[in-house]
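Taking it in order: structure first as structure tokens, then the write-up.
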Amino acid sequence: MTPPDIPLHSADRLHGLVDELHARQPLPAEWRNAFTEVPRAIFVPAWYEHGLDERGISVWQLRDATDDRERWLQAVYSDETLVTALDPATAEKVGDRAWTGVASSSSTAPGLVAGMLTELQLESGHRVLEIGTGTGYNTALLSARLGPQLVYSIDIDPGLVETARTRLAELGYAPLLAVGDGRNGHPAGGPYDRVIATCSVTRIPEAWIRQTRPGGMILTDLALGIDGGIVRLVVDPDGGATGGFTATSGRFMPARSDATTYPVRERAAYRPESGTRRTAVSAADIQEQYGFRIALSLALPEAELVHHLDDAGGPTSIQFQQPDGSWARTPVGTTDHPPTVTYGGDGALWERVEAEWARWNEQGRPGHTAYGIALDPDGTMRGWRTTDNYVWPVG
Ligand SMILES: C[S@@+](CC[C@H](N)C(=O)[O-])C[C@H]1O[C@@H](n2cnc3c(N)ncnc32)[C@H](O)[C@@H]1O
Numbered sequence: 474m475t476p477p478d479i480p481l482h483s484a485d486r487l488h489g490l491v492d493e494l495h496a497r498q499p500l501p502a503e504w505r506n507a508f509t510e511v512p513r514a515i516f517v518p519a520w521y522e523h524g525l526d527e528r529g530i531s532v533w534q535l536r537d538a539t540d541d542r543e544r545w546l547q548a549v550y551s552d553e554t555l556v557t558a559l560d561p562a563t564a565e566k567v568g569d570r571a572w573t574g575v576a577s578s579s580s581t582a583p584g585l586v587a588g589m590l591t592e593l594q595l596e597s598g599h600r601v602l603e604i605g606t607g608t609g610y611n612t613a614l615l616s617a618r619l620g621p622q623l624v625y626s627i628d629i630d631p632g633l634v635e636t637a638r639t640r641l642a643e644l645g646y647a648p649l650l651a652v653g654d655g656r657n658g659h660p661a662g663g664p665y666d667r668v669i670a671t672c673s674v675t676r677i678p679e680a681w682i683r684q685t686r687p688g689g690m691i692l693t694d695l696a697l698g699i700d701g702g703i704v705r706l707v708v709d710p711d712g713g714a715t716g717g718f719t720a721t722s723g724r725f726m727p728a729r730s731d732a733t734t735y736p737v738r739e740r741a742a743y744r745p746e747s748g749t750r751r752t753a754v755s756a757a758d759i760q761e762q763y764g765f766r767i768a769l770s771l772a773l774p775e776a777e778l779v780h781h782l783d784d785a786g787g788p789t790s791i792q793f794q795q796p797d798g799s800w801a802r803t804p805v806g807t808t809d810h811p812p813t814v815t816y817g818g819d820g821a822l823w824e825r826v827e828a829e830w831a832r833w834n835e836q837g838r839p840g841h842t843a844y845g846i847a848l849d850p851d852g853t854m855r856g857w858r859t860t861d862n863y864v865w866p867v868g
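The numbering of the sequence shown is our numbering, which starts it at 474 and goes up by one.
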């Protein structure tokens, strides 16, 4: 995307955003200063807005300051995630400045950026590796906080890295940028005091642990089958790592192994329907209770949660499924009390959901921060609940 030839700075809007972030969750002074030094507008000169076109087709509409400066400024200085790149292999032009396709990069909502940077517990002099350079906005904030010479950032997409390099240079920052699969870390810059990922991983890469000094921290979105969230792990001297889900929660696009290949989950064919019965757990219980979803993610690590939608994109049911093709589905928004569950294959799948629901209620409904992850030096991952130190083998 070419930056529009329009003044990009709006100090008032920038200060407004910083005040809004601070009012919502007090920002430590050093981060307040960094957010004030870095105009998000430089990193997001344009974005793709999701919507339906006149034929009802779901499209990405390119928006920038030439289109509507006021709208652009409003978007850039709001606490919204803005999609900034579409995968060229899937993007198809379907109208004037309109594309279909898969989003491949975004500028994360500033509130989530601020929450994660605060969770990172950075200190001056720390050396940090960021996975997922994207627009370079977070890289610029890290550079403002630490000095660019202590900031390393890597993205799988070479085009994004080059654009980010140019924008960072506009602010006088020259952090070390690299292109590659960030799940391998960036050994040349290590050992790091902190590793922060703004794409999700399904396991904590061993390379991150090896490249972080003992006592250093790794902050990432950990995508488990049912749900996931942001975990902060401290690296142990023996090469393991331990930590928990942070109060700041958010989800990120998955790490991919090259710039144009998207992770696809292999799924077995669904087993035939075998029954319907009443259940104690409703779709609303699952949708509304993040702590429960994290408990389930650790208790049923092989299971996946999918959302079924109607043609207008409204949710109709949620379904758990597991690698043998067994599934169990319950409707969203039902007036049936108790609700029903319909299942195929192993009927024990939903029984395990119900058993976990009973345990989670007995435990006093712990929130997501009551759960943690431990990685042994051999890579074995365990989940645990801090309220009673209960441990699950996760894989
Ligand atoms: C949510 S965006 C990052 C937002 C960015 N931190 C910012 O401030 O604009 C996620 C990024 O992760 C990158 N990514 C995906 N898989 C990756 C991988 N294996 N290694 C490094 N970067 C990856 C994507 O290209 C995308 O730019």
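All C-beta atoms in this analysis are idealised placements derived from N, C-alpha and C, irrespective of residue type, glycine included.
Just so it is clear, the structure is predicted and the values come from calculations on it, not from any experiment.
Within a 10 Å sphere around the beta-carbon of S578 sit 16 or more other beta-carbons, which makes this residue buried. Contact annotation: W533 and A571 have beta-carbon atoms nearer than 8 angstroms. Looking at the backbone, the Cα of Y550 and that of D485 are separated by about 10 angstroms. The alpha helix (DSSP H) runs lying completely inside the stretch 626–658 and spanning 4 residues or more are 631–643, given in chain order.
DSSP places F793 within a strand segment (E or B) once states are collapsed to three.
The stretch 623–631 makes contact with the stretch 722–741; the number of CB pairs closer than 8 angstroms reaches 3 or more. Between the alpha carbons of D861 and R667 lies a distance of about 29 angstroms.
With a contact defined as Cβ atoms closer than 8 angstroms, G817 and E761 miss out at about 26 angstroms. For Q794, the CB contacts under 6 angstroms within the same chain, skipping 5 residues up- and downstream, are E777 and W800 in chain order. Excluding five sequence positions before and after I677, the CB atoms of its chain that fall closer than 6 angstroms to its own CB belong to L848, given in chain order. In the three-state DSSP reduction, L706 falls in the strand class (E or B). With respect to the C-alpha of H659, the residue from P796, T685 and S673 having the closest C-alpha is T685. The set of residues with a C-beta under 6 angstroms from any non-hydrogen atom of ligand 1 comprises S577, S578, S579, S580, T581, I604, G605, G607, T608, Y610, N611, I627, D628, I629, D630, L633, D654, G655, R656, T671, C672, F725, M726, A728 and R729, given in chain order. Closest option to A651, judged by alpha-carbon separation, among D694, G607 and I682: G607.
Out of Q622, G798, P664 and H495, the CA that lies nearest to the CA of R740 is found in G798.
Residue range A714 to F718 is occupied by the beta strand (DSSP E) that includes F718. The distance from the Cβ of H841 to that of G702 is about 6 angstroms, consistent with a contact at the 8 angstroms cut-off. Using a 10 angstroms sphere on the CB of T639, the tally of other CB atoms stays under 16, which defines it as exposed.
In the DSSP assignment, Y844 forms a beta bridge with R858.
When DSSP states are grouped into helix, strand and coil, V624 belongs to the strand group.
Here S578 is bridged, per DSSP, to A558.
Here DSSP, grouped into helix, strand and coil, assigns Y610 to helix. Per DSSP, the unbroken beta strand (DSSP E) holding G524 starts and ends at A519 to L525. Taking a contact as a CB-CB distance under 8 angstroms, the pair V511 and A617 counts as one, their CB atoms being some 6 angstroms apart. Here the alpha carbon of G620 sits roughly 8 angstroms from the alpha carbon of Y646. In this model, P850 and A680 are separated by some 12 angstroms (Cα to Cα).
Here D851 carries a coil assignment [DSSP, helix/strand/coil]. Around the beta carbon of G584, 16 or more other beta carbons lie within 10 angstroms, which makes this residue buried. Residue pairing by DSSP leaves M589 without any beta bridge partner. One thing to note: V601 has its Cβ within 8 angstroms of the Cβ of V624. For R766, the secondary structure class from DSSP, reduced to helix, strand or coil, is helix. In the same chain as V779, and ignoring 5 residues on each side of it, the C-beta atoms closer than 6 angstroms to its own belong to Q792, in chain order.
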